[in-house]
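Working notes, beginning with the structure itself.
Numbering (the working numbering), first residue to last: 1 to 112.
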């Protein structure tokens, strides 16, 4: 199949119109159709076999940036707490097991 070397005048007009349509969509400040957007995104995730994401909608770019920072800090803290909790749990279990083992050996050894 041969390569296209030149667009027709009609095709060039169609490209210009398509570009204008895409720019209008991309720069629109109209409110989003949130249910429609969430449904489309959820369907894409379902298509690739992933869990549907949680949606956080903001009313402005400024509140979006604020929400992003808050969520990042919350996730970072949650991750650190999980890591700390795991580490603390392991440490406590090891200490308890060692103490209980020593106590049982001493108590049973004396009784026997």
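Where is the CB? At the ideal position from N, CA and C, for every residue including glycine.
Option in the options with minimal Cα separation from residue i
{"i": "residue 40", "options": "15, 66, 10, 53", "result": "53"}
{"i": "residue 59", "options": "34, 4, 7, 13", "result": "34"}
Helix, strand or coil at residue i [DSSP, three-state]
{"i": "residue 57", "result": "coil"}
{"i": "residue 35", "result": "helix"}
{"i": "residue 79", "result": "helix"}
{"i": "residue 11", "result": "helix"}
Beta-carbon proximity of residue i to residue j, cut-off 9 angstroms
{"i": "residue 56", "j": "residue 71", "result": "yes"}
Contacts around residue i, its chain only, beta-carbon distance under 6 angstroms, and the 5 residues preceding and following it disregarded
{"i": "residue 42", "result": "52"}
{"i": "residue 37", "result": "none"}
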